[in-house]
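>
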Ligand code: SF4
Ligand code: SF4
Ligand code: SF4
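Residue numbers (the numbering used here), protein chains in the order written: chain A, 24 to 159; chain B, 15 to 283.
(1) Answer with yes or no whether the minimum CB distance from residue 215(B) to chain A is below 8 Å.
(2) At the level of alpha carbons, what is the spacing between residue 68(B) and residue 61(B)?
(3) What residue range is occupied by the uninterrupted beta strand (DSSP E) comprising residue 55(A)?
(4) In chain B, which residues lie less than 9 Å from residue 70(A) when you measure between Cβ atoms?
(5) Against chain A, does residue 32(B) count as a neighbour if the rule is that its beta carbon must be under 8 Å from one of theirs?
(6) Listed from N- to C-terminal order along the chain, which residues in the segment 212–245 of chain B have their beta-carbon within a distance smaller than 8 Å of any beta-carbon of chain A?
(7) Less than 7 Å separating the Cβ of residue 194(B) from some heavy atom of ligand 2?
(8) Taking its Cβ as the centre, do 16 or more other Cβ atoms sit within 10 Å of residue 202(B), making it buried, or is it exposed?
(9) Of the residues 64(B), 38(B) and 178(B), which one's Cα is nearest the Cα of residue 54(B)?
(10) If you follow the beta strand (DSSP E) that residue 249(B) is part of, which residue opens it and which one closes it?
(11) Give the DSSP-derived three-state secondary structure of residue 29(A) in the structure shown.
(12) Do you know how far the Cα of residue 101(A) is from the Cα of residue 42(A)?
(13) When every heavy atom of ligand 1 is checked, does at least one fall within less than 7 Å of the C-beta of residue 121(B)?
(14) What residue from 133(A), 148(A), 138(A) and 62(A) has the CA that sits closest to residue 38(A)'s CA?
(15) Using a Cβ cut-off of 9 Å, pull out every chain A residue sitting near residue 74(B), in sequence order please.
(16) Counting C-beta neighbours from all protein chains within 10 Å, is the total for residue 241(B) 16 or more, i.e. buried, or is it exposed?
(17) Enumerate in chain order the residues of its own chain whose CB-to-CB distance from residue 30(A) is below 8 Å, with the five nearest sequence positions on each side excluded.
(18) Tell me which residue opens and which closes the alpha helix (DSSP H) that residue 68(B) is part of.
Structure representation (C-alpha cells):
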C-alpha cells in the first residue's frame with residue numbers, strides 16, 4: 024500500500040524564505056503546495072517556489088564535487104575538494120595578501136551559514152571583502 | 015465543528031476498517047497538509063481546514079495507481095471529482111467520497127453559492143452531518159461600464175508575475191500539455207503583453223470545469239480576483255448551454271472535452 028504524506032520546508036531560492044509543502048509518494052517527490060499557515064508567504068509562491076522540488080531528483084543535479092583536471096571535470100570526495108580549495112586560497116593569500124580574496128555569501132543560505140562565511144573571511148583569511156548575491 | 019469532525023473521523027474509521035486508505039488533511043507536527051490515512055490510530059489528527067486542494071493530491075494517487083481510495087471532500091471538491099471523472103482522470107468506482115456541508119462562515123469566505131452536499135450520481139458517496147450552510151453571493155463589485163471594466167481587468171492582469179500558481183494549484187488543471195506553456199500563446203521569459211492570452215485561455219478552459227473552490231485566488235501572489243472572471247464565464251455557459259460544472263455525473267460537458275487533454279490510465283493495477 025502506498026504512503027502519501029507532506030513535508031513542510033523552506034524554499035531554497037531566495038532570502039524571503041517562503042514555506043512550502045513537499046508532496047511525497049512512496050519516498051518520491053511528486054509535487055509541492057504553498058503553505059497556508061506560513062505568515063511569510065501567506066499561502067502563495069512565485070515561479071521558483073512552485074518548481075523548487077523539481078531539482079531534487081533531477082538527473083543533471085550535481086551529487087558530488089567535481090574537480091577540473093586539464094579539460095575534464097572529475098568527481099572527487101568532499102575531503103579532496105575542500106583540501107584543494109583551502110590550499111589554493113591560502114596560496115593566493117601568501118602570494119598577494121588577504122585583500123586579494125573576496126567572499127561571496129548567499130541569500131539561499133541560513134543566517135548561521137552566512138555568519139560562518141564572514142567569520143571565515145575576517146578571522147581566518149583576514150579580509151573584510153564579504154558580499155552577498157542579493158546585491159548583484 | 016467538533017461534532018462534525020468527530021462524525022467525519024468515525025466515518026473515516028469505517029473506511030479504514032474496510033481496508034480503504036483515506037485521503038484527507040492531517041495535523042502534522044508542523045501544521046496541516048494533505049495525507050493518506052491508513053491507520054485508524056492516526057484519525058485524531060484528521061482535519062478539514064485550512065482548505066488544501068484535496069483533488070490535486072487525489073490526482074497524484076491516481077497517477078500512482080493507488081486505488082481504490084476513500085477521500086474526504088468538500089462540496090466544491092466533490093463537484094471537481096465529477097468533472098475529473100467525465101474527463102477520464104478518475105473512475106467513479108475507484109473513489110469512495112465522504113462529504114459534508116460547509117458552514118455559512120466558510121461559504122462567506124469562499125463566496126460559495128453551493129455550500130451544501132448533493133449526490134450528483136456518484137456511485138459511493140457518504141454524506142456526514144447536517145446541511146447547515148446559507149449560500150453566499152459569488153459576485154464581487156466590478157465596474158458596470160464596459161470600458162471601465164476592461165481597464166479594471168487590464169490593471170489586474172498587469173499585476174500577474176506568471177508564477178503559474180493559479181494553474182498549479184487548480185485541481186481541474188490536469189492537462190498533460192498545458193496551453194499556457196505553449197510559446198504560441200504565452201511567450202517564455204516575459205511578463206504578459208497587452209493582450210493577456212494567459213488569462214483569457216485559462217478563463218476559457220475553466221468555463222465548464224471550475225467549481226469555484228477559490229484555491230487559485232488564494233494562491234495568487236498578485237491578489238488578482240481570478241474567479242470573478244471564471245464565475246462570469248461559467249454563468250454564460252450555464253445560461254447559454256445549460257451546463258453547470260460538477261452538477262451531475264450523467265451530463266456531458268458542452269464544450270469539447272479539451273484541446274489536448276489526453277485520457278489518463280486510471281485502471282487498477
Ligand atoms: S476556483 Fe480556481 S482552483 Fe478552483 S476549480 Fe476554479 S479555477 Fe480551479
Ligand atoms: S490547458 Fe487549460 S485547463 Fe489544461 S492545465 Fe492548462 S490552463 Fe488548465
Ligand atoms: S497565480 Fe496570479 S500571479 Fe501567478 S500566474 Fe496566476 S494570475 Fe498570475
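All C-beta atoms, glycine included, are put in the ideal place defined by N, C-alpha and C.
To lay it out plainly:
(1) The residue given as residue 215(B) occupies position 201 in the second chain. Residue-level contact check: residue 215(B) does not touch chain A, since none of the beta carbons of chain A fall below 8 Å from its beta carbon.
(2) Within the second chain, residue 68(B) is the residue found at index 54, counting from 1. Within the second chain, residue 61(B) is the residue found at index 47, counting from 1. So the two alpha carbons sit approximately 12 Å from each other.
(3) Working through the first chain from its first residue, we reach residue 55(A) at position 32. 51–57 is the span of the beta strand (DSSP E), which, as asked, contains residue 55(A).
(4) Start at 1 with the first residue of the first chain, and residue 70(A) comes out as number 47. By Cβ distance, chain B contributes 175, 176, 177, 178 and 179.
(5) Looking up residue 32(B) in the second chain gives position 18. Judged by the 8 Å Cβ criterion, residue 32(B) is not in contact with chain A.
(6) 232, 233, 234 and 235
(7) The residue you call residue 194(B) lines up with position 180 of the second chain. Result yes, Cβ under 7 Å from ligand 2.
(8) Taking the first residue of the second chain as 1, we reach residue 202(B) at position 188. Under this definition residue 202(B) is an exposed residue.
(9) Position 40 of the second chain, counting from 1, holds the residue named residue 54(B). Of the candidates 64(B), 38(B) and 178(B), the one whose C-alpha sits nearest the C-alpha of residue 54(B) is 38(B).
(10) Sequence index remark: in the second chain, residue 249(B) carries index 235 (1-based). No beta strand (DSSP E) contains residue 249(B), which is instead part of the alpha helix (DSSP H) from 240–255.
(11) Locating residue 29(A) in the first chain gives position 6, counting from the first residue. Reduced to three states, the DSSP call for residue 29(A) is strand.
(12) Locating residue 42(A) in the first chain gives position 19, counting from the first residue. Locating residue 101(A) in the first chain gives position 78, counting from the first residue. Their Cα atoms are separated by approximately 29 Å.
(13) Residue numbering aside, residue 121(B) sits at position 107 when the second chain is read from its first letter. The answer is no for residue 121(B).
(14) Translated into positions along the first chain, residue 38(A) becomes position 15. That would be 133(A), whose Cα lies nearest to the Cα of residue 38(A).
(15) Counting from one through the second chain, the residue named residue 74(B) turns up at place 60. By Cβ distance, chain A contributes 27, 46, 48, 53 and 54.
(16) Taking the second chain and counting its residues from 1, one reaches residue 241(B) at position 227. Buried is the call here.
(17) The residue given as residue 30(A) occupies position 7 in the first chain. The beta carbon of residue 30(A) sits closer than 8 Å to those of 44, 45 and 47, all from its chain and outside the five residues before and after it, given in chain order.
(18) Here residue 68(B) corresponds to residue number 54 of the second chain, with the count starting at 1. Note, residue 68(B): alpha helix (DSSP H), 68–77.
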